[in-house]
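Since the structure comes first, as structure tokens, the remarks are kept for the end.
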Amino acid sequence: MKGKEGKGFGILVTFCVMFLFWLLLSGIFDAFHVIAGVICSAIVAFISHDLLVKGKGEKMLAKSFRFFIYIWWELWQIVLANFDVAYRVLHPKMPIDPRIIEFDTSLRSDFALVTLANSITLTPGTITILVDPEKGKFWVHAIAKKPADALLVDKTMQRKVADVYMER
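98 is the number of the first residue of the sequence shown in our numbering; add one for each residue after it.
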């Protein structure tokens, strides 16, 4: 019985995500497009719910809310990093000191590792080169010492991702 409840929850969460994505991309809210969105989202949710929601959906609402908050924080980091990269490129001396850094993380779930890797790559000035999931090791290219130190010393992004996926 519990397996069916977990499956239903996964289908519901996947449907909601797909339907919101449909509405966001279409931008058309007449009856035809909304009904088409409901039908397509339901089909996708039924077929692929286990790709988005693994397991029984334990703490899924809390993780989803935390992830939503994290997205806004990450968007702000992207804005700040854009200004940093623009400054470095436009500065007459171009204070660019590229480096490859290696660091360990305590994150182990696939979603947490992928979120951290994508967050690093989405933030201008840093690119994830390689991830070793078994060891929790990341290799990252950074444009200068400041973005590298943010990952090596400050570790705010790692802490926030660990908080989202409750991996402390």
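Virtual Cβ for every residue (Gly too), placed ideally from N, Cα, C. In this text the structure is predicted, and so the values were computed from the model without any measurement.
So is residue i buried or exposed if we call it buried at 16+ other beta carbons inside 10 Å?
i    : result
H221 : For clarity, residue 221 is Pro in the given sequence; the question names His instead. Burial call: buried.
V237 : buried
M98  : Low confidence applies to M98: its pLDDT is 41, below 50, so where it sits in the model is not reliable, and the reading given next is rough at best. Exposed, because fewer than 16 other Cβ atoms sit within 10 Å of the Cβ of M98.
F162 : exposed
V250 : exposed
S138 : buried
M191 : exposed
S203 : exposed
I175 : exposed
F112 : buried
G134 : buried
L148 : exposed
L122 : exposed
L210 : buried
I136 : exposed
Would you kindly report the start and end of the unbroken alpha helix (DSSP H) that includes residue i?
i    : result
L210 : 207–219
A239 : Careful: A239 lies outside any alpha helix (DSSP H), inside the beta strand (DSSP E) at 234–239.
D127 : It is not in any alpha helix (DSSP H) - D127 carries neither H nor E in the DSSP assignment.
K257 : 253–261
A245 : 242–246
From this set, the options, which residue's C-alpha is nearest residue i's C-alpha?
i    : options                : result
D194 : V250, F116, H130, R185 : R185
V182 : P244, I108, M254       : P244
G107 : F118, M157, I125       : M157
I224 : V250, T202, R196, D207 : R196
H146 : F208, K160, M115, A247 : M115
V258 : E231, N179, F143, T212 : T212
Y92  : L121, I166, V141, L117 : In this structure the chain extends from 98 to 265, so residue 92 is not present and cannot be described.
D229 : A159, A214, A239       : A214
E231 : S206, V110, L219       : S206
F143 : H188, G105, P189, L187 : G105
E199 : K160, R256, A178, A239 : A239
What is the residue span of the beta strand (DSSP E) that residue i lies within?
i    : result
T223 : 223–229
For the putative contact between residue i and residue j, defined by C-beta atoms under 8 Å, what is the C-beta separation to the nearest angstrom?
i    : j    : result
E264 : S216 : The Cβ separation is near 15 Å, so there is no contact.
D201 : K252 : The pair is not a contact, with the Cβ atoms about 10 Å apart (cut-off 8 Å).
Taking only heavy atoms of the ligand GTP into account, decide whether any of them is closer than 6 Å to the Cβ of residue i.
i    : result
F129 : The ligand GTP is absent from the structure shown, which contains no ligand whatsoever.
Minimum length 4: unbroken alpha helix (DSSP H) runs contained in the stretch 154–205: As far as the stretch 154–205 is concerned, its whole alpha helix (DSSP H) runs of at least 4 residues are 157–187.
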